[in-house]
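Engineer: The structure under discussion is supplied below as C-alpha cells; questions concerning it will follow.
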Amino acid sequence: MHQPPAEHVHWLFATGFLLLGLFLLAEAIVGPEVWRRRPWRAYLWPSFVFLMGVLMWPVMVFFTSSTIHMLAHGAWAQVMMLAGASELALARGRVSHWAWRLCTPFAFAVSGSAFLLHEQNPWFFQRSAFLHHFLGWLMVLGAVFPLARALRPRWVVANTGFALILVVVAVALYCDRDLAPVFGHLSPLAGTPHR
Amino acid sequence: MGSHPIIERLEERAAPRVLAWRPIAVSLLGPLTALTGVVWAIVQPYRVTLLHPRGESFWWLVVEPPLLVVVAGIAFHLLVARPLVDDLERD
Numbered sequence: 015m016h017q018p019p020a021e022h023v024h025w026l027f028a029t030g031f032l033l034l035g036l037f038l039l040a041e042a043i044v045g046p047e048v049w050r051r052r053p054w055r056a057y058l059w060p061s062f063v064f065l066m067g068v069l070m071w072p073v074m075v076f077f078t079s080s081t082i083h084m085l086a087h088g089a090w091a092q093v094m095m096l097a098g099a100s101e102l103a104l105a106r107g108r109v110s111h112w113a114w115r116l117c118t119p120f121a122f123a124v125s126g127s128a129f130l131l132h133e134q135n136p137w138f139f140q141r142s143a144f145l146h147h148f149l150g151w152l153m154v155l156g157a158v159f160p161l162a163r164a165l166r167p168r169w170v171v172a173n174t175g176f177a178l179i180l181v182v183v184a185v186a187l188y189c190d191r192d193l194a195p196v197f198g199h200l201s202p203l204a205g206t207p208h209r
Numbered sequence: 054m055g056s057h058p059i060i061e062r063l064e065e066r067a068a069p070r071v072l073a074w075r076p077i078a079v080s081l082l083g084p085l086t087a088l089t090g091v092v093w094a095i096v097q098p099y100r101v102t103l104l105h106p107r108g109e110s111f112w113w114l115v116v117e118p119p120l121l122v123v124v125a126g127i128a129f130h131l132l133v134a135r136p137l138v139d140d141l142e143r144d
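Chains as they are written, first to last, in our numbering: chain A, 15 to 209; chain G, 54 to 144.
Written as C-alpha cells, this is what we have:
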C-alpha cells in the first residue's frame with residue numbers, strides 16, 4: 015500500500031477539525047454544565063486535539079519535502095499536543111490556574127504564524143499557497159476567540175467563535191489540492207494541475 | 054397578592070420555550086453536516102471515486118471528502134448529539 019497523497023492527509027485532518035468544531039459548537043449551545051454531565055464528554059475535544067497533535071508527527075516525518083515544511087508541521091504537532099494536554103489537565107482538575115487556558119490561543123498564534131512563515135509563494139500562485147495565507151491569517155486573527163474564552167470561559171460569543179473558526183479551518187483543508195488553480199489563477203511556475 | 058399565581062404560571066410556560074431551541078439546535082448539527090456532504094457529492098460527483106472507479110489507488114477509494122463529511126455528521130449525531138439531547142431533555 016502506497017502512502018496517501020498529501021491532499022488526502024489534509025482531508026483526513028479536515029475531518030478531525032470538522033468534528034472538533036461540532037463538539038465545541040454543541041458545548042457552546044448547551045453550556046458547560048450539561049456538556050460535562052457525562053464525564054467522558056469533558057475529555058472529548060481536548061483528547062481529540064492531543065491525538066491530532068500526535069498524528070501530526072508521522073505527517074511531519076513522511077509528508078514534508080523541505081526543512082521549512084518539516085519545521086512547520088513539527089510546530090503544529092507540538093502546539094496541538096500542548097493545547098490538548100493543558101485542556102485535559104484543566105478538565106481533570108490536575109491544574110486549576112486560569113493561565114493554563116492561554117495554551118490554546120498560544121497554539122492558534124503559533125499555528126497561524128507557521129502557516130504564514132513557511133509559505134514562500136504569493137496568495138494567487140496556486141490554491142495551496144492561497145490556503146496557507148488564508149489559514150495563517152485566520153488562525154492569527156482567530157486567536158482572539160480562544161483568548162476571550164480563556165479570560166471569560168462562559169462567554170457564548172467566544173465559545174461559538176472558537177468552534178466556528180475550527181469549522182472554517184476544516185472547510186479550507188477540504189479545499190486543498192496538491193496542485194490546482196485558485197479563483198482561476200495558477201502560476202505557470204506551479205506545474206500542471208491534476209484532478 | 055392576587056397577581057402572583059398568574060406570574061408563576063406565565064413563567065412556568067415561558068421557561069421551556071426559551072430552552073427548547075437548544076435540543077433542536079444540537080440535533081440539527083449532525084444532519085446538516087451530513088446534508089452538506091451529500092450536496093457536495095452531488096455538485097462534484099467526481100470527488101466520489103467509488104462512483105466511477107477506474108484503476109484508482111487505495112487512498113483515492115478510501116479518502117473521499119464528501120463521504121468523510123457525511124460520516125462525520127452521522128458519527129457526531131449518533132455518538133455525541135443524541136446522548137447530549139437526552140441529557141438536555143432530562144432537565
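Even glycine gets a Cβ: it sits at the ideal position worked out from N, Cα and C.
#1: Where are the alpha helix (DSSP H) runs, 4 residues long or more, that stay fully inside the stretch 112 to 187 of chain A, in chain order?
#2: Between P18(A) and chain C, is the shortest Cβ-Cβ distance under 8 Å, so that the two count as touching?
#3: Residues of chain A with a CB under 7 Å from the CB of R75(G): which are they?
#4: When the distance is taken between beta carbons, is L121(G) closer than 8 Å to A101(G)?
#5: Per DSSP, what are the beta-bridge partners of H210(A) in this structure?
#6: Run through DSSP, which three-state label would H24(A) get?
#7: Given a cut-off of 8 Å on the beta-carbon distance, is the pair L132(G) and R75(G) in contact?
#8: At least one CB of chain A closer than 8 Å to the CB of S80(G): is that the case?
#9: Please name the residue, chosen from Q134(A), L203(A), Q17(A), that lies closest to F111(G) on a Cα-to-Cα basis.
#10: Measuring CB atoms only, is the stretch 134 to 150 of chain A touching the stretch 178 to 198 of chain A, in the sense that at least three cross pairs come out at less than 8 Å?
#11: If we require 4 or more residues per run, which alpha helix (DSSP H) segments fall completely within the stretch 31 to 63 of chain A?
#12: Starting from S110(G), trace the alpha helix (DSSP H) in both directions and tell me its first and last residue.
#13: Around the Cβ of F129(G), are there at least 16 other Cβ atoms within 10 angstroms (buried) or fewer (exposed)?
#14: Can you name the residues of chain A whose CB is closer than 7 Å to the CB of P136(G)?
#15: Does DSSP put H16(A) in a helix, in a strand, or in coil?
#16: Can you tell me whether DSSP reads T86(G) as helix, strand or coil?
#17: Compare the C-beta of L88(G) against all C-beta atoms of chain A and say whether one is closer than 8 Å.
#18: Below 8 Å between beta carbons: does that hold for T64(A) and A99(A)?
#19: Would L15(G) pass as an interface residue toward chain A - the criterion being a Cβ-Cβ separation below 8 Å?
#20: CB-CB under 7 Å to F122(A), same chain, minus the five flanking residues each way: which ones, in chain order?
#21: Assign Y99(G) to one of two classes, buried (16 or more other C-beta atoms within 10 Å of its C-beta) or exposed (fewer than that).
#22: Would you call the stretch 25 to 43 of chain A and the stretch 179 to 186 of chain A touching, i.e. three or more CB-CB distances under 8 Å?
#23: Taking 8 Å as the threshold (beta carbon to beta carbon), is P136(A) in contact with chain G?
#24: Would M54(G) pass as an interface residue toward chain A - the criterion being a Cβ-Cβ separation below 8 Å?
#25: Determine whether the Cβ of L121(G) lies closer than 8 Å to any Cβ atom of chain A.
#26: Measuring alpha carbon to alpha carbon, tell me which residue in R115(A), G88(A), R163(A) is nearest A97(A).
#27: Locate the alpha helix (DSSP H) running through D139(G), then write down its first and last residues.
#28: 8 Å is my cut-off, CB to CB: does L114(G) come that close to chain A?
Structural biologist: So, to answer that:
#1: 117 to 132, 141 to 156, 158 to 165
#2: The structure shown contains no chain C; the protein chains it does contain are A and G.
#3: I43, V44
#4: In the sequence as displayed, the identity of residue 101(G) is Val instead of Ala. The answer is no: Cβ separation not under 8 Å.
#5: The structure shown does not extend to residue 210(A), since chain A is modelled only from 15 through 209, so no value can be given for it.
#6: helix
#7: no
#8: no
#9: Q17(A)
#10: yes
#11: 46 to 49
#12: Looking at the DSSP string, S110(G) is not in any alpha helix (DSSP H), and its letter there is neither H nor E.
#13: buried
#14: R52
#15: coil
#16: helix
#17: no
#18: Note that residue 64(A) is Phe in the sequence shown, not Thr. Taking 8 Å as the Cβ cut-off, F64(A) and A99(A) qualify as a contacting pair.
#19: Residue 15(G) falls outside the range modelled here, since chain G spans only 54 to 144, and no answer is possible.
#20: M153, G156, A157, P160
#21: exposed
#22: yes
#23: no
#24: Note that M54(G) has pLDDT 45, beneath the 50 cutoff, so the model's placement of it is unreliable and no number is given.
#25: yes
#26: R115(A)
#27: 135 to 143
#28: no
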